[in-house]
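Structure, as structure tokens:
Residue numbers (the working numbering): 87 to 211.
Listed below in structure tokens is the structure:
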């Protein structure tokens, strides 16, 4: 029980010291505090966390942009090779389509010959 009381009082003292007002010894251009003024440590922590979050966001965006640029530079030669390959494959596909084109009369001839074969097979068997 004594350990619990001591532990809780240490936590309480720590929280009280965090909420205490702290004197500022020098003028800070970023925070705008003057020499000898007092600021709330909780407000100061919030401000520091906000600034750190903004800097993290900016650095993440910059790193993403830099990585994106590097990726584009690294893949540029590969992209050109793939474009050339794409054009070659399109030309080959057009040639194959032309080679597979059948004359218009092949469909009716195939149909008639299939029907005739079926009739002959029915007659024989």
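For each residue, glycine too, the CB sits at the ideal point set by N, CA and C.
Euclidean distance between Cα positions of residue i and residue j
i: residue 155; j: residue 194; result: 59 Å
i: residue 101; j: residue 159; result: 53 Å
i: residue 95; j: residue 130; result: 24 Å
i: residue 174; j: residue 165; result: 14 Å
i: residue 43; j: residue 139; result: The shown model of the chain, from 87 to 211, leaves out residue 43, and the question about it has no answer.
i: residue 184; j: residue 177; result: 11 Å
i: residue 141; j: residue 151; result: 15 Å
i: residue 196; j: residue 172; result: 36 Å
i: residue 201; j: residue 187; result: 24 Å
i: residue 144; j: residue 93; result: 41 Å
i: residue 211; j: residue 203; result: 12 Å
Three-state secondary structure assigned by DSSP to residue i
i: residue 189; result: coil
i: residue 93; result: helix
i: residue 211; result: coil
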